[in-house]
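Below: the structure, in structure tokens.
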Amino acid sequence: MDTNPSDQMARAVREALADELRKQTTKQRRAALYYSAAGAAGLYAGAALVGCLVLLLSAAIPAWAAALVAAVALAVAAVLLRSAARKERVPPASAAVPPGTPPMPPQAPDHGAGARP
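Quick note on numbering: the sequence shown equals residues 13 to 129 in the numbering used here.
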């Protein structure tokens with residue numbers, strides 16, 4: 013056992029921090045699990061809605077055409093959402109350099125007239 017008070021204090025602080033991190037990690041894992049479950053439920057709800065749309069359209073047109081219409085509508089929605097996401101994205105600071113430009117080495121310091129070329 014440590015007899016040095018500073019070692020005892022350091023060990024107590026480490027244990028308290030580890031306990032707090034463990035509690036926070038447990039909470040964050042639970043929240044991530046709930047978000048994942050909500051996303052999966054939303055995905056299945058969307059699939060059921062598309063199935064309902066296909067069945068509704070198949071009353072007026074053949075089933076294969078109804079499925080094709082639904083697929084095209086989903087593809088258009090995906091493209092619109094992607095373009096909206098790209099407009100919201102902030103370009104990185106290095107966006108001024110065109111892609112494919114080789115990296116430039118840093119400038120060598122100027123040592124005056126006696127420097128070698």
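C-beta atoms are modelled at their ideal positions from N, C-alpha and C, and glycine is treated no differently.
- Runs of the beta strand (DSSP E) lying entirely within the region 33 to 97, each at least 3 residues long, are absent.
- By the Cβ test, the region 54 to 69 is not in contact with the region 29 to 46, since fewer than three Cβ pairs between them sit closer than 8 Å.
- CA-to-CA, the gap between Leu61 and Lys35 works out to about 39 Å.
- If you draw a straight line from the Cα of Cys64 to the Cα of Ala28, it is about 54 Å long.
- For Gln119, the secondary structure class from DSSP, reduced to helix, strand or coil, is coil.
- By the criterion of a C-beta distance shorter than 8 Å, Pro74 is surrounded by no residue of its chain, once the five residues flanking it on both sides are discounted.
- Cβ-Cβ distances below 7 Å link Pro110 to nothing in the same chain once the five nearest sequence neighbours on each side are left out.
- Taking C-beta atoms under 8 Å as the contact rule, Ala78 and Ser70 qualify, at a distance of about 4 Å.
- The shortest C-alpha to C-alpha distance from Val81 to any of Leu67, Met21 and Pro115 is the one to Leu67.
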